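**Q** In the numbering used here, the protein residues as written are 1 to 670.
Structure incoming, see below.
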């Protein structure tokens, strides 16, 4: 193979960049240590925080520092820029490596032969660990140069062929133009990203978060970024992407994690109940229930004080109550305002000093009882417990909104103690809605990244919208992979549920980079049945193994064959996933154990082992070198998502898929 003539020179340049980065790290550490003794305690703490953050961003990494170079045309200044994970400068302060998020780096991702964006040449580095092994030049004056025909650059192909591990990696070296448009979108934009398997939508969302943290450092360091994933296994899988880019001002959790600490989930809803609880109509039902706790006063109040009695009429109290309600503030906030207004009215008629008279009023039982009955103090769990545990209360709140049958589905027996209430996942958005009506949302964020959003209910989407009052969000999903009973069918409807912000829009990623063409084409056969309105993704990886279809004699042989195939693939690939339906997963694990094969169970642990066994829903968003899909017909029958969840299972592999089955495959796959 021919060696690029500039390879040694570029290696020397990168060696200098690493040396300078190390010098920056040592200099920052010296300043931080010296700063511990200087200035006031407050000033020192602030300086320490900033220096510690900078030191973290300069920390040693096993990932390459620099992955490319841009040479500008003379008309643009003839500058040369090296693009990398973080900024590196020399002793004079001149840039040696430019952060990939800087504006000058944009052409590295977006320049084309039709629009070179002021470049004469783009050079991509192929790296093996930290070692530079090859260079790929794109000469924008020569359409016939390497990569000029619109194909996939060699560094991207090398990354796509890389073995997978139990952690997702960043894609800063291989961001594609359509992905970069989303990543560099302004902070105020709410972007919904529709993308099929392997289009990189998860990486795009995380890299947009990293870009915004770079562009709006002070604001987002304070307000923070919230990343919401579908489950804990997924969060562990993506957990190192943002830290690898030097970003730590991020909270990563699930929908349940937002409120589940306060309201532990102990119960489970049947699908038809879950569907009703997730419906957007429940927002008005909850609001009515909260407001139903208030009542108009029927009788005048005579308050007794040491200075005599003071009468306040029912009409006066009710007028103040309605005026306070019209202010549309959280009810517990409004309650305090209402009580102060009634007290003020009474004080105006009293002969004593205001504070003394007000204290006497509050000691009067009839006065307190009347106001408490008119506008009681509320809590979200008490409201929802009453709504779901009292058919009469539910009927009043749901009148004209839910059918009688839907109401019957929701009613359940309340626990004796509110702390023992068997909250379900479907209850959490209702509790959060009640919390917003009663007390207001406590914690908001500067930006939200929400993955697998196609499986969020309308009530869960409202939950998220409350946490981003500015509407700055990146919503990621694939309608073809919507598998929950309340799963979304239209991104336009999702946009409406999120408040239809002025800067909201939908972007579509159509090109798949992760899943090889033969595997994706096989899985796409399911789309006419599973998601007929979704445009199938197309893969840039045209070659690869077609799925291996392993038919066995009977169901009893399925688990043994799946275990044997998984063990064989584990000897060949770095990561293997076995996706099995609930009726077969235990049998597969027993066969693996009997064969002495080490494996991880995603129901209990993460992706730490070379071989992992998963239920179909847990496979969402993950990727493995090889995947064994067990008995597709059973997956379709047993999972709520049916063909959609099978589509998910078939598209988790980046190299190879084996399908083990005794029953006939679903019709589109035969």
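Even glycine gets a Cβ: it sits at the ideal position worked out from N, Cα and C.
Small disclaimer: the values here were computed from a predicted structure and weren't measured.
Which same chain residues end up closer than 6 Å to residue 463 when comparing Cβ atoms and leaving out the 5 residues on each side of it in sequence?
**A** Once the five neighbours on either side are set aside, the close Cβ partners of residue 463 are 429 and 432.
**Q** If you follow the beta strand (DSSP E) that residue 123 is part of, which residue opens it and which one closes it?
**A** Its beta strand (DSSP E) spans residues 119–128.
**Q** Is it the case that the Cβ atoms of residue 200 and residue 647 are separated by a distance below 8 Å?
**A** Contact: no.
**Q** If we ignore side chains and look at the alpha-carbon of each, how far apart do residue 149 and residue 633 end up?
**A** Low per-residue confidence applies at residue 149: pLDDT is 36, beneath 50, and the placement is therefore not dependable, though the value from the model is reported in the following sentence. When rounded, the distance between both Cα atoms is 42 Å.
**Q** Going by the DSSP bridge assignment, what does residue 550 pair with across the sheet?
**A** BP columns for residue 550 point to 660.
**Q** Across which residues does DSSP place residue 378 in a beta bridge pair?
**A** Its beta-bridge partners do not exist; DSSP assigns none.
**Q** Applying the 10 Å Cβ sphere with the 16-neighbour rule, what's the burial state of residue 447?
**A** Classification for residue 447: buried.
**Q** Rounded to whole angstroms, what is the Cα-Cα separation between residue 152 and residue 553?
**A** Bear in mind that a pLDDT of 49 at residue 152, under 50, signals an unreliable position, so the number given afterwards is only what the model happens to contain. Cα to Cα, residue 152 sits roughly 43 Å from residue 553.
**Q** Could you give the DSSP three-state label for residue 713: helix, strand or coil?
**A** Outside the shown range of the chain (1 to 670) lies residue 713, about which nothing can therefore be said.
**Q** Pairing CB atoms from the region 388–397 with CB atoms from the region 412–425, are three or more of them under 8 Å?
**A** Verdict: yes, contact present.
**Q** CB residue 666 to CB residue 636, shorter than 8 Å?
**A** Going by C-beta atoms, residue 666 is nearer than 8 Å to residue 636.
**Q** Starting from residue 609 and walking both ways along the beta strand (DSSP E), at which residues does that stretch end?
**A** Premise fails: residue 609 is in no beta strand (DSSP E) and is neither H nor E.
**Q** Quick check on this structure: which residue in 196, 326 and 471 has the alpha carbon closest to the alpha carbon of residue 620?
**A** Of the candidates 196, 326 and 471, the one whose C-alpha sits nearest the C-alpha of residue 620 is 196.
**Q** Quick check: what's the CA-CA separation for residue 364 versus residue 418?
**A** Going by the C-alpha atoms only, they are around 30 Å apart.
**Q** From residue 115 to residue 227, what distance separates their C-alpha atoms?
**A** Near 34 Å, if we compare the C-alpha coordinates of residue 227 and residue 115.
**Q** For the beta strand (DSSP E) that contains residue 67, what are its first and last residues?
**A** Segment 66–72, the beta strand (DSSP E) holding residue 67.
**Q** Are residue 498 and residue 190 touching if we call contact CB-CB under 8 Å?
**A** Going by C-beta atoms, residue 498 is nearer than 8 Å to residue 190.
**Q** Pull up the distance between the alpha-carbon of residue 142 and that of residue 136, whole angstroms please.
**A** Distance between the alpha carbons of residue 142 and residue 136: 14 Å.
**Q** Do the region 450–469 and the region 490–497 make contact, defined as three or more Cβ pairs closer than 8 Å?
**A** Yes, they touch.
**Q** Grouping DSSP H, G and I as helix and E and B as strand, with all else coil, what is residue 95?
**A** Strand, per DSSP.
**Q** In terms of alpha-carbon separation, which member of 263, 222 and 653 lies closest to residue 423?
**A** It is 263.
**Q** Tell me whether residue 108 sits in a helix, a strand or coil according to DSSP, three-state version.
**A** Helix.
**Q** Do residue 278 and residue 254 come within 8 Å of each other at the CB atom, strictly closer than that value?
**A** Not a contact, by the Cβ cut-off of 8 Å.
**Q** What residue range is occupied by the uninterrupted alpha helix (DSSP H) comprising residue 289?
**A** Note, residue 289: alpha helix (DSSP H), 281–291.
**Q** Give the single residue among 568, 477, 445 and 631 whose Cα lies nearest to the Cα of residue 213.
**A** Answer by Cα proximity: 445.
**Q** Use the C-beta contact count for residue 336: other C-beta atoms within 10 angstroms, 16 or more gives buried, fewer gives exposed.
**A** Exposed is the call here.
**Q** So if DSSP puts residue 614 in a beta bridge, which residue, or which two residues, is it bridged to?
**A** Its beta-bridge partners are 579.
**Q** Using the DSSP secondary-structure output, state which residues sit across from residue 137 in a beta bridge.
**A** Note: residue 137 sits in a beta bridge opposite 123.
**Q** Pick out whichever of 118, 30, 307 and 105 has its Cα sitting closest to the Cα of residue 72.
**A** Of the listed residues, the one whose Cα sits closest to residue 72 is 118.
**Q** Identify, in the order they occur along the chain, each residue of the same chain with its Cβ nearer than 7 Å to the Cβ of residue 601, setting aside the five sequence neighbours on each side.
**A** If we look at residue 601 and ignore the five residues flanking it on each side, its Cβ neighbours are 589 and 613.
**Q** Specify the secondary structure class of residue 624 as computed by DSSP and reduced to three states.
**A** Three-state DSSP puts residue 624 in a strand.
**Q** Consult DSSP for residue 179 and reduce its assignment to one of helix, strand or coil.
**A** Correct three-state label for residue 179: helix.
**Q** Any contact of the region 520–536 with the region 560–573, i.e. 3+ C-beta pairs under 8 Å?
**A** Verdict: no, contact absent.
**Q** Identify which residue in 669, 124 and 326 has its Cα closest to the Cα of residue 526.
**A** Residue 526 has its Cα closest to that of 669, out of 669, 124 and 326.
**Q** Have a look at the DSSP bridge pairing and note the partners of residue 418.
**A** Its beta-bridge partners do not exist; DSSP assigns none.
**Q** Helix, strand or coil: which one does DSSP assign to residue 539?
**A** Residue 539: strand per DSSP, three-state reduction.
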